[in-house]
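**Q** Quick one: the structure is below, and I'll ask about it shortly.
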Amino acid sequence: MLALLLLACAGPPALPGRPLPPGWVDAMEADPAAFDAAVGAHRDGWAALHRGDLWAATAAEGPPAARAAAELARVARALRPGLARVASTQKSDEARFFEALGAAGWGERPAAVALPAGHPLAAAAGALGSGGLEALGQLAGPIGACVAAHLAVRSGGALGDLAGACPDPLWVGAGGGHRDPLVLSTLAARPVPALPPEAALPFSAAWSAADVDAPLAGPSLRALGWTGDPDVDFPALDAALAARPAEAGPGAALVAELRLLSVWRAQVVAAAWEAAPRGQGARVLAWGVDAQDGRGPGPARPPLLLAAEAAEALAVGQPRAALDALFPLAEAVPVLAPVREAVADAAATESIGRDGLSFAP
Amino acid sequence: MPPLLLPGLLAAAIAGPFRYAEDRAPLVVNPLFTTTMAEARLDELLFEGLFSEDRELRVVPRLASGITVDPDLRGATVRLAAGRQWHDGRPVTAEDVTFTVAAAQHPETRATLAGRVAFIAEARAVDRTTVRLRFTAPIADPAARLTFPILPRHGFSGPAVPRDSAFHRHPVGTGPFELRRFEDDGSISMVRSTVDPTPAALPELALREVSDRAYQARLLLYEGLECLVRVLPRDLALLQAQRNVVLYPYQTNAWWYLGFNLKDPRFTDARVREAVAVAMDVDALLAPIGTGRRLSGPFVPASPWYAHDVPLDRPDPSRLTRLLEEAGYTRASGGWERGGVPLQVRVLTHRNLEAAQEVLVQLQAQLRAHGIGLELEFVDEAAWRGRVAAGSFELLLSQWSFDRHEDIREQFHSRGSRNPLGYADAEVDRLLDAARDATDPQARRQALQAAHRKIAQGRPMVFLWTLDSYAAFRSNVKNVAVHPFGFFTWVRDWVVQ
């Protein structure tokens with residue numbers, strides 16, 4: 001009984017954990033100058049990347065812009081299946097054309113969409129069928145201009161150019177409005193410059209330079225006995241983080257202020273979510289909750305985690321729940337607004353003919 | 001933690017029910033009269049509808065086995081699942097369904113459930129397991145509306161159900177849990193239903209009344225609870241740091257407001273309402289109580305209905321001065337007054353509304369700095385219900401929680417049943433009607449976004465914020481999924497390892 005009493009007073013027992021080998025956070029803790037060296041001349045871009053502002057980081061130059069572009073590509077790939085599920089629920093002629101256009105954006109051979117002669121989208125469907133995106137980008141009109149803008153971005157143009165070229169909705173017809181279906185594939189297709197390991201490391205899932213290529217399979221997490229089971233791995237990781245000596249160096253205040261351990265952990269959660277087998281992603285995300293950043297992007301709530309939350313909600317047919325993540329995500333990355341709006345349309349569809357409930361607290 | 005409590009908690013931690021906390025245990029266990037989230041959560045545990053939603057939010061049968069909708073969509077025939085029983089062992093029959101509709105619609109019952117059955121013009125038992133429904137208008141997917149809880153005919157003497165019915169203390173349902181007893185400390189003990197064809201994994205469940213919400217987190221931490229429905233913002237960091245606790249963010253669609261009694265002569269003048277709004281620094285009110293989002297209208301910002309082009313109110317002292325002067329007020333040494341009567345208002349709030357005291361004390365200081373007096377009044381449950389229903393207030397600080405459809409009709413339609421402010425606007429009525437009848441999702445979005453703009457312009461209330469919500473579970477509770485609105489909708493799947 002006494003033992004139980006002590007247990008209750010002390011809280012849960014500490015798990016015995018394996019130690020983490022030295023990593024980039026240790027280097028900054030030991031020497032704050034290492035941080036200055038890492039961020040170099042692109043401090044604003046790194047700061048944007050740290051706070052999850054991928055839009056600002058993308059507009060910056062140098063390594064932070066490249067890192068942001070790479071993360072946006074991961075965001076796009078995370079959202080792709082859910083958005084495809086949303087798009088596939090629409091059955092009109094226009095919807096079939098936009099679904100085919102979306103598929104073409106991902107490099108897939110689109111299904112032929114034959115629209116009746118005189119249909120306002122017939123020429124666009126014909127161009128897409130015969131010459132793909134390139135032919136469609138030559139066409140006059142808003143769809144042609146939008147596709148041309150996407151092609152320019154895919155060739156290295158500024159991402160912000162899409163906002164002016166692609167109105168939202170891109171098309172309004174008898175079957176309702178249709179959003180730009182190329183956004184995600186364009187984000188995924190943008191060229192991302194290769195980076196040296198030291199530029200790939202800060203605020204990433206890699207704990208050391210040796211982990212950059214495969215953070216989950218690298219030596220650092222292997223040292224913890226990483227298994228791929230989140231309910232085993234994250235307690236072990238947390239035990240290792242808890243066992244790190246406090247105030248270990250002159251950079252300790254910097255590490256605390258920038259919440260670097262939380263930043264790294266969040267990136268590991270995101271990477272683990274990407275690697276999780278189908279249907280297991282929600283189990284990983286349960287370990288990624290960091291209430292300190294609220295619901296918006298932040299150091300420990302990177303855009304990729306928001307995309308993962310939205311993807312999980314869409315995977316189980318909950319577009320309204322996905323909007324909780326997509327709303328702050330599209331605020332931070334405005335080019336994702338068409339994705340948010342397409343999902344909002346799906347949530348609205350779900351509410352047609354339904355009664356709502358309300359309660360006082 | 002009170003030391004004397006520890007042995008009890010430890011005993012409970014070793015073996016016992018799955019425990020969750022409410023700061024107020026429901027006084028009434030009867031879905032006919034549910035008004036609070038705590039009551040709604042208990043309803044989910046004890047009762048079921050003809051249909052429910054699975055984890056993909058698809059409508060699936062519960063007490064029903066199927067439905068055949070008439071070709072003209074004006075009626076349907078519902079077949080009940082074979083062998084379903086009430087917790088007392090009596091069979092579920094078509095008479096139970098027709099009774100529930102009749103009781104909810106009976107004018108003497110004055111049921112809060114009435115709105116959910118208003119689409120049913122007639123419910124008739126064809127035989128013991130078949131119900132014939134006729135609707136007030138064509139409905140394409142009536143199963144989605146047949147999710148309201150079904151009550152046992154044999155639990156009541158007739159469809160005019162009084163508020164003091166004996167059923168309240170001896171409820172009989174068909175839900176995953178059966179009420180065992182009300183405990184002396186206000187808690188409610190439940191056991192797994194023995195007649196549920198898909199029984200819950202948890203054998204026992206207990207609602208613990210813990211009025212001090214700060215103490216609820218401690219109880220979770222020290223194994224006195226398995227789950228907190230909502231974590232106080234100030235406890236988030238504490239719980240997040242614990243490896244034996246897992247946080248689950250969830251969607252609440254709940255928002256706070258400061259409502260004006262529109263029958264109060266001062267507040268019939270829109271300039272006075274706006275003056276109060278621009279005297280407030282809402283960001284400063286929100287910051288101490290948690291993270292969340294400001295609102296410009298009656299939807300949360302992530303809603304498909306939210307009109308993002310409506311600006312948020314910002315503090316604007318010069319506009320305040322102009323508005324009040326136009327409304328006939330003059331600034332005297334003690335503050336604004338008209339005809340020698342100071343602009344002094346009184347705000348009513350429920351004493352259990354989380355962080356309300358913190359908010360109102362600060363609001364009082366903000367308004368006073370701009371020459372507007374504010375008196376605070378915190379009342380208990382009974383007084384709150386009575387005063388709000390009677391319109392006996394000047395200002396209200398409260399919140400509304402909505403399901404994922406975010407249907408604001410009851411609050412903002414002139415014929416809405418939950419419109420204590422007395423808001424009425426013909427254009428908003430038209431937009432809400434159009435949204436209800438829309439079959440095109442974008443038409444529905446446009447109507448509700450337009451309603452947002454119009455309501456924001458009319459300013460029956462100052463829309464404040466939606467708070468980030470997290471539930472917390474002990475980490476040995478597995479297979480947890482929290483329904484976007486119904487906390488216990490999928491409780492059958494929860495297990496404790």
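Just so you know, the protein sequences line up as chains C and D, in that order.
Here our numbering is used: the first residue of the first sequence is 1, the next is one more, and so on.
Here our numbering is used: the first residue of the second sequence is 1, the next is one more, and so on.
Every residue gets a Cβ at the ideal spot worked out from N, C-alpha and C, and that includes glycine.
Computed from a predicted structure; not experimentally measured.
Can you check whether the CB of C:ARG320 is closer than 8 Å to the CB of D:ARG404?
**A** yes
**Q** May I ask you to list the residues that DSSP assigns as paired with D:ARG124?
**A** D:ARG132
**Q** C:GLN292 touches chain D at which residues, Cβ-Cβ below 8 Å?
**A** Those within 8 Å of C:GLN292 in chain D are LEU236, ALA237 and GLN240.
**Q** Helix, strand or coil: how does DSSP classify D:ALA206 here?
**A** strand
**Q** So, for D:PHE47: in the same chain, excluding its five sequence neighbours on each side, which residues have a beta-carbon less than 6 Å away from its beta-carbon?
**A** PRO31, PRO149, GLY173 and GLY175
**Q** Going by DSSP, what residue range makes up the beta strand (DSSP E) through D:ILE67?
**A** 64-69
**Q** Closer than 7 Å between beta carbons: that is the criterion. Which residues of the segment 30-48 of chain D meet it against chain C?
**A** Only those residues of the segment 30-48 of chain D whose C-beta falls short of 7 Å from the nearest C-beta of chain C are listed: THR35, THR36, MET37 and ALA40.
**Q** Please report how far the alpha carbon of D:THR489 lies from the alpha carbon of D:ILE120, in whole angstroms.
**A** 24 Å
**Q** Since D:GLN442 meets chain C, which of its residues come closer than 8 Å, beta carbon to beta carbon?
**A** GLY176, GLY177, ASP345 and ALA348
**Q** Whole angstroms is fine: what's the gap from C:ALA242's alpha carbon to D:TYR215's?
**A** 26 Å
**Q** Would D:ALA277 be called buried (16 or more neighbouring beta carbons within 10 Å of its own) or exposed?
**A** Looking at its Cβ environment, which holds 16 or more other Cβ atoms inside 10 Å, D:ALA277 is buried.
**Q** Considering only C-alpha positions, which residue in the set C:ALA87, C:GLY105 and C:VAL212 is nearest to C:GLY176?
**A** C:ALA87
**Q** Over the uninterrupted alpha helix (DSSP H) stretch that includes D:LEU396, give me the two end residues.
**A** Unbroken run through D:LEU396 is the beta strand (DSSP E), 395-402; no alpha helix (DSSP H).
**Q** If contacts are defined as beta-carbon pairs under 8 Å, then D:SER401 and D:ALA254 qualify, I think. What distance do you get, rounded to the angstrom?
**A** 4 Å
**Q** Report the residue from D:GLN442, D:VAL495 and D:PRO26 whose alpha carbon sits nearest the alpha carbon of D:GLY186.
**A** D:PRO26
**Q** Compute the Euclidean distance between the alpha carbons of D:ARG74 and D:THR93, then round it to the nearest angstrom.
**A** 23 Å
**Q** Under 8 Å between C-beta atoms, does C:LEU333 make it to chain D?
**A** The sequence given here places Val at residue 333 of chain C; Leu does not occur at that position. Residue contact check for C:VAL333 against chain D: no CB pair falls below 8 Å.
**Q** Within 10 Å of its beta-carbon, does C:LYS91 have 16 or more other beta-carbons around it, so buried, or fewer, so exposed?
**A** exposed
**Q** Taking Cβ-Cβ distances below 8 Å as the criterion, which residues of the segment 390-419 of chain D are in contact with chain C?
**A** If the cut-off is 8 Å between Cβ atoms, the segment 390-419 of chain D has SER398, GLN399, TRP400, SER401, PHE402, ASP403, ARG404, HIS405, GLU406, ASP407, ILE408, ARG409, GLU410, GLN411 and ARG418 near chain C.
**Q** Please list, in chain order, the chain C residues whose beta carbon lies closer than 7 Å to that of D:GLN503.
**A** This structure does not reach residue 503 of chain D, given that chain D is present from 1 up to 497, and the question cannot be answered.
**Q** Does C:LEU15 come within less than 8 Å of chain D when only Cβ atoms are used?
**A** At C:LEU15, the pLDDT of 48 sits below 50, so the modelled position is not reliable and the matter cannot be decided from this model.
**Q** Identify the continuous beta strand (DSSP E) that holds D:ALA254 and give its terminal residues.
**A** 254-260
**Q** What's the call for D:VAL388, buried or exposed, on a 16-neighbour Cβ count within 10 Å?
**A** buried
**Q** How about D:ILE289: is its C-beta nearer than 8 Å to some C-beta of chain C?
**A** With 8 Å as the cut-off, D:ILE289 does not count as an interface residue toward chain C.
**Q** List the residues of chain C whose Cβ lies closer than 7 Å to the Cβ of D:PRO301, in chain order.
**A** PHE327
**Q** Just to confirm my understanding: we take C:PRO328, look at its own chain, exclude 5 residues before and 5 after, and list those with CB closer than 8 Å. What are they?
**A** ARG295, GLY296, PRO297 and LEU306
**Q** Thinking C-alpha only, which one of D:ALA21, D:ALA140 and D:THR129 is nearest D:VAL69?
**A** Of the listed residues, the one whose Cα sits closest to D:VAL69 is D:ALA140.
**Q** So with Cβ pairs under 8 Å, would you call D:VAL428 a contact of chain C?
**A** no
**Q** Start and end of the alpha helix (DSSP H) containing C:VAL39?
**A** 32-39
**Q** Quick check on C:LEU195: does DSSP put it in helix, strand or coil?
**A** coil
**Q** Mapping DSSP to helix, strand and coil, what is D:GLU39?
**A** helix
**Q** Give the DSSP bridge partners of D:TYR248, in chain order.
**A** D:ALA471
**Q** Helix, strand or coil, according to DSSP, for C:GLU350 in the structure here?
**A** In the structure shown, C:GLU350 sits in a helix (DSSP, three-state: H, G or I).
**Q** If you drop the 5 nearest sequence neighbours on each side, which residues of the same chain put their C-beta closer than 6 Å to that of C:PRO12?
**A** Bear in mind that a pLDDT of 42 at C:PRO12, under 50, signals an unreliable position, so the model cannot answer this.
**Q** I'd like the list of long-range same chain contacts for D:VAL282, defined as Cβ closer than 8 Å, with 5 residues on each side in sequence excluded.
**A** ARG294, LEU312, ASP313, VAL462, LEU464 and TRP465
**Q** Got a sec: which bits of the segment 248-275 of chain D sit with their beta carbon under 8 Å from any beta carbon on chain C, in order along the chain?
**A** TYR248, PRO249, GLN251 and ALA254
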